[in-house]
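Peer 1: Have a look at the structure that comes next, please.
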Amino acid sequence: MSSSKRFIFSILASGFLFNLMGCWKPSSTDKSETAAFSGDSKEDLSEAHTNFTVFKAGGDSLPTKEASPEWKLALARHYDFYACLKDRATRNLIIGIPFRVRLEDLAIDVRTDENGCLHWQERIPIADYFGDELYMELERVIEAEGIYNGPRRVKIAINPWAAFRKSGNREIIWLQTGGEVPQGIKLIGKEQVRTVLHKGGSVQYQNQSVEAIPQAKTKELWMDNVSIQVQSNKEVDGGYFVEVNLTMNPLVKIGDLVGSPTPIPLKSGKFMIYANIVATNLGLNRDQTLNLTGSDEDFDSNGNYIANSGMPPSVGVI
């Protein structure tokens, strides 16, 4: 009977949802996106009397081991952002002067260093590890104190996925320079980013946090290099004992900056395995099949498993 058996496995993953935040969609009417692409450096009316300028801004990622315990997926990126200032009238570096950096509803007191630069740290949650790669706009406001006055807005775009994907794309870009994010590349405006970060997880600045509820959708799971080998097959009381060795490479396909699907392997995690056992070559003409573990409705007339017909019996968790 061993020659008349065929094993069909339907692989499903459970216990983990790949978050896909539906509100991260580029808006053609987002004025901040248009200004960033065009390199528009016109002052905001509120900055007309500001007596300092930003001549350089950007940041660096900081090392972190913050990851989910089972799937080993990064939960957040930590950044050290900077903005370098000059006196608007003299064009000299502003050194050793206190300022305040405003991040949404929080404010951080900082002081310029010997290079005229302010530094502050932020934790940005990864609400969608397997989301399509894109840039998110952050707007931070520098407020003067003492001999300087007025606010100055700094716009920075971050691409947290660049480090995970090893795509070669820059992770942090100062939008004021213009032209560094090519036309056609997805850039999410600051208003959408604010909504997503506050609804997609814990947003933390300087050890402070704002908790919110994530909105998740499932992501399709793919299997590559599937191999099935029968290790042993012997008759026992009441049936047969069959040992099967099943190997595969699980992955998901996500979009890069231009929308092309890119396979990303899953290196760790827990999967629920389901299986159907089907006997073939039955009947007088040896052209019939028999589903030994599920319903006959799970198979077509040729004995092929219908993937969406129902859930086959569980083999176990790996």
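So the number in my numbering is just where the residue sits in the sequence shown, counting from 1, plus 5. Backbone N, C-alpha and C fix where the C-beta goes; we use that ideal spot for every residue, glycine too. All of these numbers come straight from a predicted model, not from anything done at the bench.
Distance check for T294 and K195, CA to CA, integer angstroms please.
Peer 2: Position 190 of the sequence shown holds residue 195. Position 289 of the sequence shown holds residue 294. The straight-line gap from Cα to Cα measures roughly 59 Å.
Peer 1: What do you get for Q197, buried or exposed, if any count of 16 or more other CB atoms within 10 angstroms of its CB means buried?
Peer 2: In the sequence shown, the residue the question calls residue 197 occupies position 192. Buried: at least 16 other Cβ atoms inside 10 Å.
Peer 1: Taking its Cβ as the centre, do 16 or more other Cβ atoms sit within 10 Å of A280, making it buried, or is it exposed?
Peer 2: The residue given as residue 280 occupies position 275 in the sequence shown. Classification for A280: buried.
Peer 1: Between the alpha carbons of L284 and V241, how many angstroms are there, rounded?
Peer 2: Looking up residue 284 in the sequence shown gives position 279. Looking up residue 241 in the sequence shown gives position 236. In the sequence on display, residue 284 carries Ala and not Leu. Distance between the alpha carbons of A284 and V241 is about 17 Å.
Peer 1: What separation, rounded to the nearest whole angstrom, lies between the Cα atoms of K272 and I102?
Peer 2: One-based indexing of the sequence shown puts residue 272 at position 267. One-based indexing of the sequence shown puts residue 102 at position 97. So the alpha carbons of these two residues sit roughly 48 Å apart.
Peer 1: In the DSSP assignment, the beta strand (DSSP E) including F246 goes from what residue to what residue?
Peer 2: Numbered from 1 along the sequence shown, position 241 holds the residue referred to as residue 246. Segment G244 to G260, the beta strand (DSSP E) holding F246.
Peer 1: Who does Y140 pair with in a DSSP beta bridge?
Peer 2: By 1-based counting over the sequence shown, the position of residue 140 is 135. Note: Y140 sits in a beta bridge opposite L192.
Peer 1: Exposed or buried, which one is V159 when buried takes at least 16 other CB atoms within 10 Å?
Peer 2: For the purposes of this step, residue 159 is taken as the residue at position 154 of the sequence shown. Buried: at least 16 other Cβ atoms inside 10 Å.
Peer 1: Taking its Cβ as the centre, do 16 or more other Cβ atoms sit within 10 Å of I141, making it buried, or is it exposed?
Peer 2: The residue you call residue 141 lines up with position 136 of the sequence shown. Note that residue 141 is Met in the sequence shown, not Ile. By the 10 Å Cβ count, M141 comes out buried.
Peer 1: Using a Cβ distance threshold of 8 Å, determine whether the stretch 104-115 contacts the stretch 160-172, with at least three qualifying pairs required.
Peer 2: Not touching, per the Cβ criterion.
Peer 1: Does the Cβ of P268 have 16 or more other Cβ atoms within 10 Å, making it buried, or fewer, making it exposed?
Peer 2: Translated into the one-based positions of the sequence shown, residue 268 becomes position 263. Exposed, since its Cβ has fewer than 16 Cβ neighbours within 10 Å.
Peer 1: Can you name the start and end residues of the beta strand (DSSP E) that R128 belongs to?
Peer 2: Indexing the sequence shown from 1 puts residue 128 at position 123. That run of the beta strand (DSSP E) goes C122 to P130.
Peer 1: Report the three-state DSSP secondary structure of L90 (helix, strand or coil).
Peer 2: Stepping through the sequence shown from its first residue, residue 90 is reached at position 85. Strand at L90.
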